[in-house]
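What follows is one structure encoded as structure tokens, with my remarks underneath.
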């Protein structure tokens, strides 16, 4: 796992690096750490290589951590960002950032908290690594599940919309892809010929699902209550995972 520490206070960076190295000694996981003293130097490096996890200080002299994170997301939306702050008042700014994976107050940064963050990050990264693999004609297709927003049926073809806003059409049946994804908890068949990734659902009004990109899908009327319950249960489980 490639980890970046973006922190302009050397002492704070050293403390965090020591905690990360302690985690590595206790787990069969290889960590590659890089320290950057400013948002600008980090973004330069991030344009050349990808980081799985970034610990981002919100207050830095040369560049605000929130602004740096927003620029990073435009380059690589998959990077997990953990904000570091000395003030609880800044937490609301952190959680509004699309790529905010977690946040921690510096005074509560200890071995237990770092271990929790890395455990959660590793779970998320393993999920992101899973793929949907199938054939379209003679072409073998491999798509990361974490990028698939939804699938829709188009006769003998299936349309797949990926993040960010890339629509692909393959000569393969919708039913065959649904069968492959039936054991993936994040996917929900909300209507005939419509399979949605619940991680991309923005809201529901009990008759439709509204996706993050604004696409609206009707919820099947016959078992609407069951579909809504599945969605609510999935969101509740995700919330519990983030809190534990």
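In my numbering, the protein residues as written are 852 to 1095.
All C-beta atoms, glycine included, are put in the ideal place defined by N, C-alpha and C.
Check: With DSSP run on the structure shown, which of helix, strand or coil describes residue 908?; Outcome: strand
Check: Taking the alpha-carbon positions, what's the residue 1075 to residue 1081 distance?; Outcome: 10 Å
Check: Assuming residue 857 and residue 906 form a contact by the criterion Cβ under 8 Å, report the distance between their Cβ atoms to the nearest whole angstrom.; Outcome: 7 Å
Check: Taking the CB atoms as reference points, tell me whether residue 983 and residue 1046 lie closer together than 7 Å.; Outcome: no
Check: Compare the Cα-Cα distances from residue 875 to each of 901, 921 and 962 and report the closest residue.; Outcome: 962
Check: Can you find the residues in the same chain that come closer than 7 Å, C-beta to C-beta, to residue 863, ignoring five residues on each side of it along the sequence?; Outcome: 957
Check: Please look up how many angstroms separate the CB atoms of residue 866 and residue 882, rounded, as I've assumed it's under 8 Å.; Outcome: Wrong, their Cβ atoms sit about 16 Å apart, outside the cutoff.
Check: Just reading off the beta strand (DSSP E) that residue 806 is part of, what are its end residues?; Outcome: Lying before the first or after the last residue shown, residue 806 is absent from the chain, which here runs from 852 to 1095.
Check: For residue 1013, I'd like the list of residues in its chain whose CB is within less than 8 Å of its CB, leaving aside the five on either flank, ordered along the chain.; Outcome: 994, 998, 999, 1000 and 1019
Check: Starting from residue 872, follow the alpha helix (DSSP H) in both directions and report where the run begins and ends.; Outcome: 861-877
Check: In the DSSP assignment, find the unbroken beta strand (DSSP E) run with residue 994 in it and report its ends.; Outcome: 990-995
Check: Between the C-alpha atoms of residue 968 and residue 1090, what's the straight-line distance to the nearest angstrom?; Outcome: 15 Å
Check: Residues in its own chain within less than 6 Å of residue 992 by CB, not counting five upstream and five downstream?; Outcome: 985
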